[in-house]
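Q:
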Amino acid sequence: MNIRNVAEKDLPDVVDIQIAGWRTAYRGIIDDEILDTLNREERLARRQKDWRDTGFIVAEKDGKVVGFCRYIDNNSYSSDYDVDCELMAIYLRPDVKRQGIGCKLFNYVTDEFRRQGKKKMILWCLKDNQASCRFYEAMGGTLGGEKTFETGGKTFPEIAYLYDL
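If you're matching positions, the sequence shown starts at 1 in my numbering and goes up one per residue.
1. Rounded to the nearest angstrom, what separates Q18 and G67 at their Cα positions?
2. For T110, which three-state DSSP category applies?
3. Residues in the same chain with beta-carbon distance under 8 Å from T15, minus the five sequence neighbours each way, listed in chain order, please.
4. Roughly how many angstroms lie between the CA atoms of F156 and Q116, to the nearest whole one?
5. Go through its chain and collect everything with a Cβ distance to Y161's Cβ below 6 Å, but skip five positions before and after it.
6. Which residues share a DSSP beta bridge with R70?
7. Please go through the region 6-40 and give each complete alpha helix (DSSP H) segment of 4 or more residues, from N-terminal end onward.
8. Counting along the chain, where does the beta strand (DSSP E) carrying Y163 start and finish?
9. What first and last residue would you give for the alpha helix (DSSP H) that runs through Q116?
10. Can you give me the C-alpha to C-alpha distance between L126 and D111, rounded to a whole angstrom?
11. Give the secondary structure of K147 by DSSP, where H, G and I count as helix, E and B as strand, and everything else as coil.
12. Per DSSP, V65 forms a beta bridge with which residues?
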């Protein structure tokens, strides 16, 4: 397995992984109608912006992109918290979960933040996404607060996980 910076050519795979991730991980949490109508082109446009503006890595296995992680080395998305960096997303293809890839992506980002001299990281997770909550707790996160996330005209509770780096 290889972890590397995302290339523009990877973005369609990244979007497909994100959509598949939402449809599996969030089924029963977010309304089916929202999940079933996720717009690939809209998400591709967002990921192109992210590719230019934030840290963005992919995991490759056998030459294929199987996961990705986005991060930012400031707290512009979580300015109400005493943090200096944020892990914004980790997604894996559903068929490669529980193979250690998520841990490797997570550790890559935290190692990068440490190299930059960062001290405290935050990430947000849908509160009802118990599998991801267990993962982030196993990676050493402590609960740090709540907010809501809006999609499809509905709001969903999110919880913060904080990490001392």
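Using N, Cα and C, we set each Cβ at its ideal position, and we do this for glycine too. Since the model is a prediction, treat every value here as computed from it, not as a measurement.
A: For this structure:
1. Answer to the nearest angstrom: the Cα atoms are 9 Å apart.
2. In this structure, T110 counts as helix in the three-state DSSP scheme.
3. According to the sequence as given, residue 15 is Val; it is not Thr. Excluding its 5 nearest sequence neighbours in each direction, V15 has C-beta neighbours in its own chain below 8 Å: R40, R43, L44, R47, listed in chain order.
4. Cα to Cα, F156 sits roughly 33 Å from Q116.
5. Cβ within range, chain order: L123, Y136, G141.
6. F56, A89, per the DSSP bridge assignment.
7. Qualifying alpha helix (DSSP H) stretches, in chain order: 11-25, 32-36.
8. Element bounds for Y163: 154-164.
9. DSSP places Q116 outside any alpha helix (DSSP H), giving it a letter other than H or E.
10. Straight across, the Cα-Cα distance linking L126 with D111 is about 24 Å.
11. Residue state, collapsed to three classes: strand.
12. For V65, which the question treats as bridged, DSSP gives the partners E60.
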